[in-house]
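*Asks:* What follows is a single structure, and I will ask about it in a moment.
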Amino acid sequence: MAEPKPAAEKWKAAFPWRVSIEPRITNVPRWLPPLVSLGALVLALVMGGIVLAAVGGNPLQTYLHMARAAFGDLGVLSDTLTKATPILLCGLACSLAFRMKLWNIGAEGQFFLGAWAASAVVLLPVLPGTAPKFLMLLAMAMAGLVGGALWGAVPGLLKAKLNVNEVLTTLMMNYIAISWNNFFIFAVWSERGFQMSPVFPNSAWMPRLADYARQVPVFAGLTTHLGLVVGLVAAAILWWVLYRSQWGFEIQMTGDNPRAARYAGINVGRNTVLVMMLSGGLAGLAGMSEISGVVHRLQGAISPGYGFTGIIVAWLAKLNPLVVAPVSILFGALILAGREIQPSGIAKLLQGIILFCLISSEVLLRYRIRFVRVMQA
Amino acid sequence: MDWIVILQAGVASGTVLLFATIGEILAERSGVMNLGVEGMMLLGAMAAFGVAVRTGNPWLGLLIAMLAGGLLALLHGLVTIHFQADQVVSGLTLTFLGTGLALVFGEGLSKAGAISLLPTASIPLLSRVPILGPILFTDQSALVYAGYLLVPAAWYYINRTRPGLHLRAIGEFPAAADALGINVIRLRYLYVFAGGVLAGLAGATISLAISPGWFSEMTTSGQGWIAIGLVIFAQWDPLRAAGGAYAFGALRRLIIDLQGPTMLLGMRNPFYYNPYLGLWLQMLPYAFTIVVLVIGSREAMRKRLGAPAALGTPYVRSQKV
Chain B
1 MAEPKPAAEK WKAAFPWRVS IEPRITNVPR WLPPLVSLGA LVLALVMGGI
51 VLAAVGGNPL QTYLHMARAA FGDLGVLSDT LTKATPILLC GLACSLAFRM
101 KLWNIGAEGQ FFLGAWAASA VVLLPVLPGT APKFLMLLAM AMAGLVGGAL
151 WGAVPGLLKA KLNVNEVLTT LMMNYIAISW NNFFIFAVWS ERGFQMSPVF
201 PNSAWMPRLA DYARQVPVFA GLTTHLGLVV GLVAAAILWW VLYRSQWGFE
251 IQMTGDNPRA ARYAGINVGR NTVLVMMLSG GLAGLAGMSE ISGVVHRLQG
301 AISPGYGFTG IIVAWLAKLN PLVVAPVSIL FGALILAGRE IQPSGIAKLL
351 QGIILFCLIS SEVLLRYRIR FVRVMQA
Chain Y
378 MDWIVILQAG VASGTVLLFA TIGEILAERS GVMNLGVEGM MLLGAMAAFG
428 VAVRTGNPWL GLLIAMLAGG LLALLHGLVT IHFQADQVVS GLTLTFLGTG
478 LALVFGEGLS KAGAISLLPT ASIPLLSRVP ILGPILFTDQ SALVYAGYLL
528 VPAAWYYINR TRPGLHLRAI GEFPAAADAL GINVIRLRYL YVFAGGVLAG
578 LAGATISLAI SPGWFSEMTT SGQGWIAIGL VIFAQWDPLR AAGGAYAFGA
628 LRRLIIDLQG PTMLLGMRNP FYYNPYLGLW LQMLPYAFTI VVLVIGSREA
678 MRKRLGAPAA LGTPYVRSQK V
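If you read the sequences in order, they're chains B and Y. Residues in the first sequence are numbered from 1 upward in steps of one, following my numbering. Residues in the second sequence are numbered from 378 upward in steps of one, following my numbering.
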């Protein structure tokens with residue numbers, strides 16, 4: 001062994017401690033995981049600030065501006081909730097699939113197919129525009145669910161039958177879904193050559209808070225729509241399924257140890273297809289909610305990457321549906337405020353940095369970092 | 378439609394996939410799956426174009442792009458090798474991060490004017506070989522020729538050299554490699570870095586040679602993901618990767634050329650008269666990737682070979698394997 005360098009000796013004299021990283025043997029205290037996540041979030045904002053400063057922005061002012069743009073008054077708060085709605089549903093979709101370690105990266109495509117199927121109800125038309133509102137919305141929601149579920153079933157079947165990597169198939173299906181949608185927007189349902197469908201009849205619009213402004217004046221101009229309620233109900237149901245039902249237990253167990261699950265008699269293949277279908281269905285419902293509650297027509301730019309944001313939201317919420325709800329509000333704010341600041345990639349970059357800090361921080365839950373006093377020779 | 382021209386352009390555009398695929402093969406052979414290829418490519422494309430615009434030197438752009446891709450990959454290395462995070466999640470994160478960085482630093486680059494591109498050349502004698510000459514050796518970018526050299530070099534390195542043996546060892550059975558005195562952790566960092574460098578090079582190949590310019594996310598349009606699909610199809614073999622990459626390159630090119638002429642096979646070209654049908658053509662590379670994945674997976678199941686055994690699992694000395 002080489003002699004220790006003098007500099008190292010001097011350092012040891014001034015700071016007679018050594019950083020020791022040991023695997024945790026005892027259970028992680030309950031307060032630690034949320035604290036670590038919060039710390040990672042703060043660290044991510046600091047790092048994002050450094051990047052902002054590097055491209056010539058003022059980080060503090062930018063963050064303040066973003067906070068104001070997302071939570072400043074009742075109007076923008078309502079817009080934030082509107083943006084959070086599809087993220088919530090996509091986050092639930094990802095949480096469900098990720099529980100089984102099925103990497104459904106295709107929520108974006110399933111979102112588009114859900115939107116397409118819901119539009120088909122109005123535009124084919126399956127139901128006339130004069131149909132009662134609840135019937136119309138119900139049919140659209142079912143169509144959105146089925147459209148997304150079918151789009152999710154393909155990678156699910158390929159995974160279950162042929163063991164094809166679902167990360168790649170779901171991702172490829174995203175690109176196919178966008179071309180599929182574009183074909184209908186450009187060629188079939190185009191309104192006078194514009195790249196969008198005609199506006200849906202009023203019966204296909206989900207009620208917004210603003211619709212009740214006559215009864216409750218405060219609601220005037222608020223965009224939050226019924227989709228948020230749908231999302232919250234879905235979160236509650238999914239929580240029950242994952243934490244209280246036998247099927248949820250099977251999913252969790254398959255995710256943790258597929259071989260053990262198989263020995264325990266769980267039909268892993270069938271569950272793979274079912275989980276992918278339900279996951280796709282939730283993302284499809286997000287697409288339906290977005291076009292019925294916000295856009296009111298089918299067009300190309302209906303998603304600034306909600307499906308991908310859903311992945312981050314699910315991870316940040318540790319795949320717990322009840323936590324997905326508040327986290328998706330945070331990301332709704334990020335996307336809403338991100339539109340107002342330059343350069344335009346900042347929102348995406350922040351999402352990346354947040355997720356990076358988050359997965360790095362998880363090492364703190366597996367290992368203890370201790371300072372150990374170094375024995376003087 | 379001239380088939381020679383399509384294949385010539387196909388080889389050029391396949392070079393992008395080739396670099397990215399071989400980079401990913403190196404990383405995966407060492408046991409680290411990096412799904413962030415798309416992000417690294419995008420960052421590389423932006424860095425290459427940005428540097429070339431500011432300095433007027435495309436070679437410097439190329440170098441910076443490779444460095445940028447490699448540095449981004451090192452982040453993935455840190456998180457998956459040292460922090461033992463899930464490689465799938467970390468790779469996805471890398472895609473977000475690379476895309477975000479490229480969009481932020483590439484702001485305004487799309488309006489930059491023409492730049493001097495990497496040189497193209499014809500090989501004196503080889504270009505006169507019938508059929509193959511015009512396809513492979515005429516007016517191709519310097520990077521295309523670099524691709525020709527990389528394929529056999531990578532194959533030889535992995536299969537016939539001692540460092541290549543170490544590479545395969547740390548991907549198949551890291552504990553045994555460790556026992557032999559091979560530094561698993563350091564080598565994994567090295568190959569993850571190498572994969573990032575090649576992904577950055579792939580990005581630079583787009584923005585400096587194949588379809589020059591910066592078109593934000595459309596610059597790569599999912600080619601990084603196709604490259605990861607090709608790795609599975611290629612069964613982690615550079616020679617098969619080359620076949621897949623050039624075939625996909627030709628397909629991409631064919632899709633563009635199908636929409637050009639008024640007549641096709643003696644009939645009115647439907648893709649010319651109804652441009653919306655082109656949207657169906659645009660699905661083809663992605664649909665084809667799924668087909669290729671199915672083929673690759675079936676073959677792997679039948680032959681009982683496939684991914685490096687330790688792919689996706691972090692190596693920790695104290696843990697049992």
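Virtual Cβ for every residue (Gly too), placed ideally from N, Cα, C.
Give, in chain order, every unbroken run of the alpha helix (DSSP H) that is at least 4 residues long and sits entirely within the stretch 265-329 of chain B.
*Replies:* The qualifying runs are 268-290, 306-316.
*Asks:* Under a Cβ-count criterion, where at least 16 other Cβ atoms within 10 Å of its own Cβ denotes burial, should residue 644 of chain Y be classed as buried or exposed?
*Replies:* Translated into the one-based positions of the second sequence, residue 644 of chain Y becomes position 267. Burial call: exposed.
*Asks:* Could you pull out every residue in the same chain whose Cβ sits closer than 6 Å to the Cβ of residue 309 of chain B, ignoring the five residues on either side in sequence?
*Replies:* Residue 309 of chain B sits at position 309 when you count from the first residue of the first sequence. Closer than 6 Å at Cβ, skipping near neighbours: 87, 331.
*Asks:* Assess contact between the stretch 485-504 of chain Y and the stretch 518-526 of chain Y, defined as three or more Cβ pairs (one per stretch) separated by less than 8 Å. Is contact present?
*Replies:* Yes, since at least three Cβ pairs between the stretch 485-504 of chain Y and the stretch 518-526 of chain Y fall closer than 8 Å, the two stretches touch.
*Asks:* Based on Cα-Cα distance, which residue from B:325, B:341, B:283 lies nearest to residue 117 of chain B?
*Replies:* Here residue 117 of chain B is taken as the residue at index 117 of the first sequence, counted from 1. Measuring from the Cα of residue 117 of chain B, the nearest candidate turns out to be B:283.
*Asks:* Ignore the nearest five residues each way along the sequence and tell me which others in residue 479 of chain Y's own chain have a CB closer than 6 Å to its CB.
*Replies:* The count along the second sequence starts at 1 and reaches residue 479 of chain Y at position 102. Closer than 6 Å at Cβ, skipping near neighbours: 419, 420, 423.
*Asks:* Less than 8 Å between the beta carbons of residue 699 of chain Y and residue 426 of chain Y, yes or no?
*Replies:* There is simply no residue 699 of chain Y to check, as chain Y begins at 378 and stops at 698 in what is shown.
*Asks:* Count the other CB atoms, across all protein chains shown, that sit within 10 Å of the CB of residue 483 of chain Y; report buried if there are 16 or more and exposed otherwise.
*Replies:* For the purposes of this step, residue 483 of chain Y is taken as the residue at position 106 of the second sequence. Buried, because 16 or more other Cβ atoms sit within 10 Å of the Cβ of residue 483 of chain Y.
*Asks:* Using only the alpha-carbon positions, how far apart do residue 339 of chain B and residue 161 of chain B sit?
*Replies:* In the first sequence, counting from the first residue as 1, residue 339 of chain B sits at position 339. In the first sequence, counting from the first residue as 1, residue 161 of chain B sits at position 161. Straight-line Cα distance between these residues: approximately 42 Å.
*Asks:* Going along chain Y in order, which residues have a C-beta closer than 7 Å to the C-beta of residue 183 of chain B?
*Replies:* Mapped onto the first sequence, residue 183 of chain B falls at position 183. Ordered by position in chain Y, the residues that pass the 7 Å Cβ test against residue 183 of chain B are 653, 656, 657.
*Asks:* Could you check whether the stretch 209-223 of chain B touches the stretch 45-61 of chain B, counting it as contact only if at least three pairs of C-beta atoms, one from each stretch, sit closer than 8 Å?
*Replies:* No contact exists between the stretch 209-223 of chain B and the stretch 45-61 of chain B.
*Asks:* Could you tell me the alpha carbon to alpha carbon distance between residue 1 of chain B and residue 398 of chain Y, rounded to whole angstroms?
*Replies:* The residue given as residue 1 of chain B occupies position 1 in the first sequence. The residue given as residue 398 of chain Y occupies position 21 in the second sequence. Bear in mind that the predicted position of residue 1 of chain B carries a pLDDT of just 45, short of 50, making it unreliable; the figure below should be weighed with that in mind. Looking at the two C-alpha atoms, the distance is approximately 42 Å.
*Asks:* If we define contact as Cβ-Cβ less than 8 Å, is residue 124 of chain B a contact residue for chain C?
*Replies:* Checking the listed chains, one finds no chain C in this structure; the protein chains it contains are B and Y.
*Asks:* For chain Y, is any of its Cβ atoms less than 8 Å away from the one on residue 172 of chain B?
*Replies:* For the purposes of this step, residue 172 of chain B is taken as residue 172 along the first sequence, with counting starting at 1. It does; some Cβ of chain Y falls within 8 Å.
*Asks:* Taking Cβ to Cβ, would you say residue 477 of chain Y is nearer than 8 Å to residue 349 of chain B?
*Replies:* As a working note, residue 477 of chain Y is residue 100 in the second sequence. As a working note, residue 349 of chain B is residue 349 in the first sequence. Yes.
*Asks:* Going by the beta-carbon positions, is the gap between residue 132 of chain B and residue 197 of chain B smaller than 8 Å?
*Replies:* Within the first sequence, residue 132 of chain B is the residue found at index 132, counting from 1. Within the first sequence, residue 197 of chain B is the residue found at index 197, counting from 1. No. Outside cutoff.
*Asks:* Counting only the same chain and skipping the five closest in sequence on each side, list residues whose C-beta sits under 7 Å from that of residue 19 of chain B.
*Replies:* The residue given as residue 19 of chain B occupies position 19 in the first sequence. Excluding residues within five positions, the ones whose Cβ falls inside 7 Å are 369, 371.
*Asks:* To the nearest angstrom, how far is the alpha carbon of residue 585 of chain Y from that of residue 629 of chain Y?
*Replies:* Within the second sequence, residue 585 of chain Y is the residue found at index 208, counting from 1. Within the second sequence, residue 629 of chain Y is the residue found at index 252, counting from 1. Their Cα atoms are separated by approximately 18 Å.
*Asks:* Looking at the structure shown, is residue 641 of chain Y part of a helix, part of a strand, or coil, going by DSSP?
*Replies:* Taking the first residue of the second sequence as position 1, residue 641 of chain Y is located at position 264. If DSSP states are grouped into helix, strand and coil, residue 641 of chain Y belongs with the strands.
*Asks:* Output, in sequence order along the chain, the residues in the stretch 573-603 of chain Y whose CB is closer than 7 Å to any CB in chain B.
*Replies:* Taking 7 Å as the Cβ-Cβ cut-off against chain B, the residues of the stretch 573-603 of chain Y that qualify are 599, 602.
*Asks:* Kindly indicate the opening and closing residues of the alpha helix (DSSP H) around residue 87 of chain B.
*Replies:* Within the first sequence, residue 87 of chain B is the residue found at index 87, counting from 1. Start and end: 74-99.
*Asks:* Which first and last residues belong to the beta strand (DSSP E) in which residue 533 of chain Y is found?
*Replies:* For the purposes of this step, residue 533 of chain Y is taken as residue 156 along the second sequence, with counting starting at 1. Here residue 533 of chain Y belongs to no beta strand (DSSP E); instead the alpha helix (DSSP H) covers 519-537.
*Asks:* Using a Cβ-Cβ distance under 8 Å, would residue 1 of chain B count as near chain Y?
*Replies:* The count along the first sequence starts at 1 and reaches residue 1 of chain B at position 1. Bear in mind that the predicted position of residue 1 of chain B carries a pLDDT of just 45, short of 50, making it unreliable; the figure below should be weighed with that in mind. No, residue 1 of chain B does not count as interfacial toward chain Y.
*Asks:* Based on the DSSP output, what are the partners of residue 191 of chain B in its beta bridges?
*Replies:* Within the first sequence, the letter at position 191 stands for residue 191 of chain B. For residue 191 of chain B, which the question treats as bridged, DSSP gives the partners B:194.
*Asks:* Count the other CB atoms within 10 Å of the CB of residue 475 of chain Y; is the residue buried (16 or more) or exposed (fewer)?
*Replies:* Along the second sequence, one-based indexing puts residue 475 of chain Y at 98. Its Cβ being crowded by 16 or more others within 10 Å, residue 475 of chain Y is buried.
*Asks:* So that I know if they touch, is there some Cβ in chain B lying closer than 8 Å to that of residue 419 of chain Y?
*Replies:* Sequence index remark: in the second sequence, residue 419 of chain Y carries index 42 (1-based). No, residue 419 of chain Y does not count as interfacial toward chain B.
*Asks:* Would you list the one or two residues that DSSP bridges to residue 371 of chain B?
*Replies:* For the purposes of this step, residue 371 of chain B is taken as residue 371 along the first sequence, with counting starting at 1. Note: residue 371 of chain B sits in a beta bridge opposite B:19.
*Asks:* Name the DSSP bridge partner or partners of residue 208 of chain B?
*Replies:* For the purposes of this step, residue 208 of chain B is taken as the residue at position 208 of the first sequence. Paired residue(s): B:225.
*Asks:* Cβ closer than 8 Å: which chain B residues qualify as neighbours of residue 666 of chain Y?
*Replies:* The residue labelled residue 666 of chain Y in the question sits at position 289 within the second sequence. The answer, in chain order, is 168, 172.
*Asks:* Quick check: is the beta carbon of residue 609 of chain Y nearer than 8 Å to any beta carbon in chain B?
*Replies:* Position 232 of the second sequence, counting from 1, holds the residue named residue 609 of chain Y. Answer yes: the Cβ-Cβ gap between residue 609 of chain Y and chain B drops below 8 Å somewhere.
*Asks:* Taking only three categories from DSSP, how would you classify residue 690 of chain Y?
*Replies:* As a working note, residue 690 of chain Y is residue 313 in the second sequence. The answer is coil: DSSP assigns residue 690 of chain Y none of H, G, I, E or B.
*Asks:* If the cut-off is 8 Å on Cβ atoms, which residues from the stretch 356-373 of chain B count as contacting chain Y, listed in chain order?
*Replies:* The stretch 356-373 of chain B vs chain Y, Cβ under 8 Å: 356, 359, 360, 362, 363, 366.
*Asks:* Per DSSP, what kind of secondary structure is residue 489 of chain Y in: helix, strand or coil?
*Replies:* Here residue 489 of chain Y refers to the residue found at position 112 of the second sequence. Residue 489 of chain Y falls in the coil class under three-state DSSP.
*Asks:* Can you grab the Cα-Cα spacing for the pair residue 192 of chain B / residue 186 of chain B, in whole Å?
*Replies:* Taking the first residue of the first sequence as position 1, residue 192 of chain B is located at position 192. Taking the first residue of the first sequence as position 1, residue 186 of chain B is located at position 186. Using only the alpha carbons, I get a separation of about 10 Å.
*Asks:* Within its chain, find whatever has a CB closer than 6 Å to the CB of residue 106 of chain B; leave out the 5 residues flanking it on each side and keep chain order.
*Replies:* Along the first sequence, one-based indexing puts residue 106 of chain B at 106. 170, 173, 174, listed in sequence order.
*Asks:* Within the 8 Å Cβ cut-off, does residue 423 of chain Y reach chain B?
*Replies:* For the purposes of this step, residue 423 of chain Y is taken as the residue at position 46 of the second sequence. Residue 423 of chain Y does not count as touching chain B.
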